[in-house]
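>
In the numbering used here, the protein residues as written are 3 to 252.
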C-alpha cells in the first residue's frame with residue numbers, strides 16, 4: 003500500500019491541493035450567500051467560515067444535509083455535486099490502477115523466480131538465523147504452526163472489528179471484552195516478532211543494512227503505524243485511566 007502511495011504521490015498531492023482550494027472557495031461563497039438565510043437552521047451552519055467549512059466538506063463528500071438554500075447557494079451546491087464525483091473519483095482511480103500495476107509486477111517477478119530459480123535457491127537470506135525464523139513465522143512461512151499463526155492473526159483482526167461495532171450498541175458496551183484483551187496481547191507479541199525479524203524482511207533489510215537501521219525503517223513504516231494504532235490506545239488507557247482514550251476505549 004505504501005508503495006502505491008509513494009508511486010502516486012504527485013497525482014494525489016495535486017488532487018489534494020485542488021480539493022483544499024475548492025473546499026475553501028465554496029466555504030467562503032456559501033458563507034456569504036447563506037449567513038443571512040431566512041431559514042435560521044441553515045443560517046446557523048454558515049454563521050462563520052469555519053462553521054461553513056464543515057457543511058461544505060459534507061457536500062464535497064456527496065452528502066447534502068441541508069436543502070433550503072438561497073438561489074446562489076443552490077447553484078453553488080449543484081456545482082459542488084458535480085465536482086464531488088470527479089474530485090473523489092481521481093484518487094480512487096489512481097490507487098486502483100496502482101494496485102493493479104503492483105499485482106502485475108509481482109506476478110511477473112514470481113514468474114521470473116520460478117523460471118530462474120529465484121534468489122532463495124541458495125538458501126541466502128538477510129539477518130541472522132533467528133531473525134529470519136521470526137520473519138518467516140509471522141508471515142506464515144516454513145511450517146504449519148506459522149500458517150496457523152497467520153490465520154489466527156487475520157481472524158482476530160476480523161473478530162475485533164465486529165466486537166468494536168457491536169460495542170457501540172447501547173447495552174452491549176462490554177460485549178466479549180475479554181477477547182479484546184487476548185487480541186491486544188496477541189498483536190503485541192506479533193508486533194515484537196515483526197520488529198525482531200525486520201532485518202530479514204526485504205522491504206527493510208538488505209546486504210548492506212544493519213539490524214538497527216532495518217528495525218527503525220520498520221517502526222516508521224505505514225503498516226507499523228497501523229499496528230501501533232491498534233494496540234497503543236489499549237496500553238495508554240491502562241496507564242491513564244482518567245483520560246479521554248480510556249473513556250472511549252473500553
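Glycine is no exception: its CB is placed at the ideal position from the N, C-alpha and C atoms.
Quantities reported herein were computed from a predicted structural model and do not represent experimental measurements.
When you compare the CB positions of residue 28 and residue 82, do they come within less than 7 Å of one another, or not?
yes
> Can you list, in chain order, the residues of its chain whose CB lies under 7 Å from that of residue 32, leaving out five sequence neighbours each side?
If you ignore the 5 residues before and after residue 32, its C-beta comes within less than 7 Å of the C-beta of 48, 54, 58, 75, 78, all in its own chain and listed in chain order.
> Rounded to whole angstroms, what's the CA-CA distance from residue 153 to residue 144? Just pull it up for me.
14 Å
> State whether the region 178-186 contacts the region 196-208, with contact taken as three or more CB pairs (one from each stretch) at a distance under 8 Å.
The region 178-186 is not in contact with the region 196-208.
> Residue 137 and residue 203 look like a contact to me (Cβ under 8 Å); what is the Cβ gap, rounded to whole Å?
6 Å
> Indicate whether residue 21 and residue 84 have their beta-carbon atoms separated by less than 7 Å.
no
> Got a sec, what are the start and stop residues for the alpha helix (DSSP H) residue 15 sits in?
11-36
> So what does DSSP say about residue 208, is it helix, strand or coil?
Strand at residue 208.
> Taking residue 140 as part of the alpha helix (DSSP H), name the residues at either end of that continuous run.
131-140 is the span of the alpha helix (DSSP H), which, as asked, contains residue 140.
> Helix or strand or just coil, what does DSSP make of residue 63?
coil
> Quick one: which unbroken alpha helix (DSSP H) runs of 4-plus residues sit fully inside the region 175-241? Chain order, please.
179-198, 213-221, 224-241
> Please state whether the Cβ-Cβ distance between residue 60 and residue 67 is less than 7 Å.
The answer is yes: Cβ separation under 7 Å.
> In whole angstroms, give me the CA-to-CA distance for residue 155 and residue 188.
8 Å
> At what residues does the alpha helix (DSSP H) containing residue 46 begin and finish?
42-47
> Report, in whole angstroms, the separation of the C-beta atoms of residue 44 and residue 36, which I expect to be a contact under 8 Å.
6 Å
> Let's test the definition: count the other Cβ atoms within 10 Å of the Cβ of residue 129 and tell me whether it reaches 16, buried, or not, exposed.
Residue 129 should be labelled buried.
> Classify residue 171 as helix, strand or coil using the three-state DSSP reduction.
coil
> Exposed or buried, residue 237, counting other C-beta atoms within 10 Å across all chains shown (16 or more means buried)?
exposed
> By a C-beta neighbour count over all protein chains shown, 10 Å radius and 16 as the cutoff for buried, is residue 1 buried or exposed?
The chain is shown only over 3 to 252; residue 1 falls outside these bounds and no answer can be derived.
> Compare the C-alpha of residue 192 against each of 148, 171, 163 and name the closest.
The residue among 148, 171, 163 with its C-alpha nearest the C-alpha of residue 192 is 148.
> Do residue 220 and residue 206 have their CB atoms nearer than 7 Å?
yes
> Grouping DSSP H, G and I as helix and E and B as strand, with all else coil, what is residue 144?
coil
> According to the neighbour-count rule (16 or more other Cβ atoms, all chains shown, within 10 Å of its Cβ), is residue 201 buried or exposed?
buried
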